[in-house]
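Residues 248 to 465 in my numbering are what the sequence shown lists, from first letter to last.
Down below is the structure, laid out as structure tokens.
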Amino acid sequence: MADFTASLPPELDNVPSAEGPLPSPSDLVGRPYALPIDILGERHGPLFYADFSGVRKLYACSRALVEELCDENRFAKNPMRPLERVRQLAGDGLFTAYHGEPNWQTAHDVLMPGFSYAGLRNYHGAMLDIGTQLIQRGVRYVRDRIAADADEVWELLGDPTKHTHVYVCGDGAQMAPAMRQAFIDIYRARAGSDESQARDWLIELVESDRYVEDVWAG
């Protein structure tokens, strides 16, 4: 595996910043297909910074901008610093490879058939069965599983000497905020703290790369 250096987040002039948490559910009333990140795009424009995840990131929220950024003739794939730690464990795969590394294309070729229309139809039944089992057990989302295993989670995360790391990959608009809240709730219950102290604890995990998010649409 080649030796590369992760990119720093871009710093652009005259780009607005959306500071603080995501818009509340009340902002989405009457808009069943809208996400909180859509509201930020309407307020601040198609390109803006936001820090609701605890880390300041740049968001592109228009089709034109996304298509431009996906132009492989002008832009190259380059993971950010949080994925460097994942790369040490997983190697140069789909998310962790740098531009020009052959394993990215290999991973892409392996996974693409599974995401085709025929591939999705083939495992739809299995996914439906797994979802049904989770609902019957009272576990509907990942955050519910985290809450159900709160004692084990706190045993791992509450002791800094264990150097436990959390990696969250998925929907950034709904799943990722719910996951952050699940960990915040665990800290509040176990440490006897308030919401602000719990959020500071989570921010410390993020800044020390012990809580890493690889998310989309949010």
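Virtual Cβ for every residue (Gly too), placed ideally from N, Cα, C.
In this structure, PRO329 sits away from THR343, with a CB-CB distance that is not shorter than 8 angstroms.
Residue ranges of uninterrupted beta strand (DSSP E) with 3 or more members are absent from the region 327–407; none lies entirely inside it.
Annotation: the continuous alpha helix (DSSP H) that includes ALA445 extends over 442–454. The beta carbons of LEU403 and ARG427 sit no closer together than 8 angstroms. Residue GLN335 holds the alpha-carbon nearest to the alpha-carbon of THR252 among GLY292, LEU305, GLN335, ASN261.
For PHE295, the enclosing beta strand (DSSP E) stretches over residues 294–297. In the three-state scheme derived from DSSP, where H, G and I count as helix and E and B as strand, ASP285 is classed as helix. When DSSP reads this structure, VAL276 sits in no beta bridge, so it has no partner. Within the DSSP bridge table, the entry for TYR306 names PHE295 as partners. The three-state reading of DSSP puts ALA265 in strand, counting E and B together. Looking from the CA of VAL459, the closest CA among VAL415, ARG310, LYS324 belongs to VAL415.
Counting the other Cβ atoms within 10 Å of the Cβ of PRO272 gives fewer than 16, which makes it exposed. Bridge pairing for CYS317: absent [DSSP]. DSSP places ASP418 within a strand segment (E or B) once states are collapsed to three.
A check of alpha carbon separations from ARG290 across VAL262, ALA395, ALA397 identifies VAL262 as the nearest. By the neighbour-count definition (other C-beta atoms within 10 Å, threshold 16), SER443 is an exposed residue. Boundaries of the beta strand (DSSP E) harbouring ASP461: 458–463, taken from the DSSP string. When the alpha-carbon of ALA307 is set against those of HIS371, ALA397, GLY288, the nearest one is in GLY288. Contact annotation, PRO293 with LEU305: C-beta distance approximately 11 angstroms; criterion of less than 8 angstroms not satisfied.
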